[in-house]
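First the structure, in the form of structure tokens, and then the observations on it.
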Amino acid sequence: MNQMTPPPKVEIIPASAPFSEAQRSWLNGFFAGLLSDGPSPLSAEQGAAVLQGPVGDGDDDEAPWHDQTMPIADRMKLAEGRPLRRRMMAAMAQQDCGQCGYNCHDYSDAIASKAEPRLNLCVPGGKETARMLKALKEELEKAPPAAGPAAAPAAAAPAIAAELGRSRDNPAPATFVSRQLLNKSGSEKETWHIDFDLTGCGLDYVVGDSFGIFARNDLGHVDQIIALLGASHATEVRGKTLREVLTDDVSLAPAPDSLFELISYITGGAQREKARALAQGEDPDGDAATLDVMAALQKFSNVRPHPEAFIEALEPLQPRLYSISSSHNATPGKLSLTVDCVRYVIGKRKRLGVASTFLAERIQPGDEVKVYVQKAHGFALPQDPNTPIIMIGPGTGIAPFRAFLHDRKATGAPGKNWLFFGHQRSASDFFYADELNAMKTSGLLTRMSLAWSRDGDRKFYVQDRMREVGREIWTWLAEGANIYICGDAKRMAKDVERALVDIVAKFGARSTDEAVLFVADLKKKGRLQQDVY
Ligand SMILES: Cc1cc2nc3c(=O)[nH]c(=O)nc-3n(C[C@H](O)[C@H](O)[C@H](O)COP(=O)(O)OP(=O)(O)OC[C@H]3O[C@@H](n4cnc5c(N)ncnc54)[C@H](O)[C@@H]3O)c2cc1C
Ligand SMILES: NC(=O)c1ccc[n+]([C@@H]2O[C@H](COP(=O)([O-])OP(=O)(O)OC[C@H]3O[C@@H](n4cnc5c(N)ncnc54)[C@H](OP(=O)(O)O)[C@@H]3O)[C@@H](O)[C@H]2O)c1
């Protein structure tokens, strides 16, 4: 779907015209823009809706809620009056990140058609998505059988998902090899280059794919929870010890509604009322957002749920996905990741991101981890190795682009490569600097444009650098380049898209509405691809 043949290079200015190659290329792009017979311009509002991407299938009107920056209340409003499956889709976090094993559209179809009973798979949507899905599922159960067209059946799971290590439901063991800190001293970030050995499990992958990791909770944290329960770590639960189940199987992060429900059953008075309110998504003390499982036990410290009931009330520990930053063609049997470590403090307690700190400090060389390769849908190198590519990846967004570059080198792909990378400080946060500089020197990296947000007295981001070189970006696009964005979904991806629209408008001689449509069209044709989280 993403590996499309690039559009033919536009040749309006003859080779004999008195222009340099670069001028001719730019003019070709300029006139192609003017002469293109695209659809008639829409309003910015209509255009913005189109920009959400091609997910429509008849009854969702191009899914106007498919915007990862929109709050859930606004998404649900846009989906009002739509069939339940579409309202279920609006409840998802709209990142199409693949962590649930589907995209947002297919996950909601699978729930609506009852092929998927799990309502808690949307990691970025968290509790609010799970809550909304629960309410919609109850509506579904109550609704009489639909008289109109039936909900689309869930997409059949591809045969590949049944193979070991090809889906979250069937992970394989991979061997952890090493980790290396990518930041230098003075950095505010902690980002690790991580290496795995896949030779034991025989997994392979293509660049653009992600790697799913089943991490384990921190043992110190687990033991503190066991102490709060007043239980023995050897208590048997589900055929394992309590300590093993808490380490491997359940999420200790946001306290789920079901835990507050359990607490409300075994306490009374004001405590019971509070627990009940929290179970219903209310926030009686203004601290609901800070309540992970441990904080919930501390808040209701007079309550000691039975270990079995406690475990039943928790959510399963979900795998985490990471963009693969190596190429199987360049280093077969080896797989690398680029992982930003999540640590923060609430009150006096340090909180740890489960998977990132697992990779950063708990796993040791030689250890085996349960993993799977999550096939990319709509994020891959162009099929034609001659197609130029523009890659925009600040921070850990560099990950798949390092993979792309290694792959293009290994396969001898002649297409031009342009990387936009940015981070906080040039001195401490220039990941893979030696490698990228060598690629630039060798010519593999045709251009490298850098943006350091905290080197100067005002923020300077990749999209600011893009605007500076907008004319050249337009020229590359006119030559048929694919453009890729990877990294933060909430702010960066949208801002970069906006910059792209401005560049198309300015250098492609289009109105803003036409530029919006042009960019939407790049997306539809698979020439603008995103891997955002
Ligand atoms: C397709 C895809 C590709 C990805 N690729 C990469 C990649 O290449 N590199 C990478 O580093 N990550 C990547 N991620 C993100 C990654 O999957 C994890 O989400 C990330 O590592 C955090 O997981 P964790 O288990 O460490 O943290 P979790 O235990 O999931 O904790 C994270 C949660 O903690 C909370 N939190 C975080 N910071 C704060 C704070 N300051 N204050 C309060 N609450 C806070 C938030 O609720 C956040 O969701 C990718 C995600 C997807 C979907
Ligand atoms: N789910 C999770 O818990 C989790 C874990 C890891 C990462 N993430 C997400 O992934 C993102 C990537 O993290 P990262 O460590 O790779 O780096 P990052 O925090 O995204 O920062 C990378 C660079 O992007 C800059 N930036 C900030 N806002 C921007 C914007 N609107 N447009 C363009 N650039 C912008 C940052 O500048 P400044 O910081 O100086 O503004 C920094 O220079 C995080 O922001 C976060 O949203 C999520």
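Position in the sequence shown counted from 1, then plus 100, gives you my numbering. Note that the Cβ used here is the ideal one computed from N, Cα and C, for glycine as well.
> Taking Cβ to Cβ, would you say Lys-289 is nearer than 8 Å to Asp-440?
Replying inline: Yes, Cβ-Cβ distance for Lys-289 and Asp-440 is below 8 Å.
> DSSP beta-bridge partners for Cys-586?
Replying inline: Asp-631
> Cβ-heavy atom distance between Arg-558 and ligand 2 below 7 Å?
Replying inline: It does not: the Cβ of Arg-558 is nowhere closer than 7 Å to a heavy atom of ligand 2.
> Cβ of Leu-577 within 8 Å of Cβ of Met-548?
Replying inline: With contacts defined as CB atoms closer than 8 Å, Leu-577 and Met-548 fail to qualify as a contacting pair.
> Would the beta-carbon of Ala-513 fall within 8 Å of that of Pro-485?
Replying inline: Contact flag set, yes.
>> So, with DSSP's three-state summary, where would you put Val-569?
In response: coil
>> Less than 7 Å between C-beta atoms, sequence neighbours within five positions excluded: which residues of the same chain meet that for Arg-372?
In response: Ser-364
>> Between which two residues does the alpha helix (DSSP H) holding Lys-374 run?
In response: 369-379
> Does ligand 1 have even one heavy atom less than 7 Å from the beta-carbon of Gly-386?
Replying inline: no
> Counting pairs of Cβ atoms below 8 Å between the segment 405-414 and the segment 438-458, do you hit three or more?
Replying inline: no
> Comparing alpha-carbon positions, which option in His-506, Gly-312 and Arg-565 lies nearest Lys-475?
Replying inline: Gly-312
> Are Leu-184 and Ile-294 touching if we call contact CB-CB under 8 Å?
Replying inline: No, the Cβ-Cβ distance between Leu-184 and Ile-294 is not below 8 Å.
> For Gly-302, which three-state DSSP category applies?
Replying inline: coil
> Just how far apart, CA to CA, sit Gly-225 and Ala-193?
Replying inline: 5 Å
> Just how far apart, CA to CA, sit Arg-65 and Val-596?
Replying inline: A query on residue 65 cannot be resolved here, the shown segment of the chain reaching from 101 to 633 and no further.
> If you drop the 5 nearest sequence neighbours on each side, which residues of the same chain put their C-beta closer than 7 Å to that of Phe-560?
Replying inline: Ala-551, Trp-552 and Ser-553
> What's the C-alpha gap between Glu-216 and Glu-535?
Replying inline: 44 Å
>> When you measure from the CB of Ser-553 to every non-hydrogen atom of ligand 2, does any distance come out below 7 Å?
In response: yes
> Say the cut is 7 Å; is the CB of Ala-455 nearer than that to a heavy atom of ligand 1?
Replying inline: yes
> Can you tell which of Ala-375, Leu-281, Glu-162 and Gln-398 has its C-alpha closest to the C-alpha of Ala-460?
Replying inline: Nearest C-alpha to Ala-460 among Ala-375, Leu-281, Glu-162 and Gln-398: Leu-281.
>> Quick check: does the Cβ of Tyr-633 come within less than 7 Å of any heavy atom belonging to ligand 2?
In response: yes
> Ile-489 and Val-307 look like a contact to me (Cβ under 8 Å); what is the Cβ gap, rounded to whole Å?
Replying inline: The beta carbons of Ile-489 and Val-307 sit about 11 Å from each other, so the pair does not count as a contact at 8 Å.
> So His-477 and Asn-203 are in contact, right, with Cβ under 8 Å, and what is the actual spacing, rounded?
Replying inline: 6 Å
>> Given this structure, state the Cα-to-Cα distance separating Ala-210 from Ile-585, to the nearest angstrom.
In response: Take the alpha-carbon of Ala-210 and the one of Ile-585: they are about 28 Å apart.
> Fully enclosed by the segment 400-452, which beta strand (DSSP E) runs are 3 residues long or longer?
Replying inline: List check, beta strand (DSSP E) in window: 420-423, 434-440, 443-446 and 449-452.
> If we count Cβ pairs, one from each stretch, closer than 8 Å, do we get three or more for the segment 349-358 versus the segment 413-429?
Replying inline: yes
>> Could you tell me the alpha carbon to alpha carbon distance between Met-394 and Cys-197, rounded to whole angstroms?
In response: Rounded to whole angstroms, Met-394 to Cys-197 spans 28 Å at the Cα level.
> When DSSP labels each residue in this structure, what does Phe-458 get in the three-state scheme?
Replying inline: helix
> So which of Ser-285, Leu-421 and Lys-227 has the shortest CA-CA distance to Tyr-472?
Replying inline: Leu-421
>> For the alpha helix (DSSP H) containing Tyr-532, name the first residue and the last one.
In response: No alpha helix (DSSP H) holds Tyr-532; DSSP gives it neither H nor E.
> When you compare each of His-506, Ala-370 and Ile-366 to Leu-435 by their alpha carbons, which one comes out closest?
Replying inline: His-506
> If you draw a straight line from the C-alpha of Phe-531 to the C-alpha of Val-337, how long is it?
Replying inline: 44 Å
> Using the beta-carbon count (16 or more within 10 Å), is Ser-426 buried or exposed?
Replying inline: buried
>> Using the Cβ count rule (16 or more neighbours within 10 Å means buried), how would you classify Ser-267?
In response: buried
>> So, at 7 Å on beta carbons, what are the nonlocal neighbours of Pro-419 in its own chain, with the 5 sequence-adjacent residues on each side left out?
In response: Arg-268, Gly-312, Ile-313 and Phe-314
> With respect to 7 Å, is the separation between the Cβ of Arg-451 and the closest non-hydrogen atom of ligand 2 below this value?
Replying inline: The answer is no for Arg-451.
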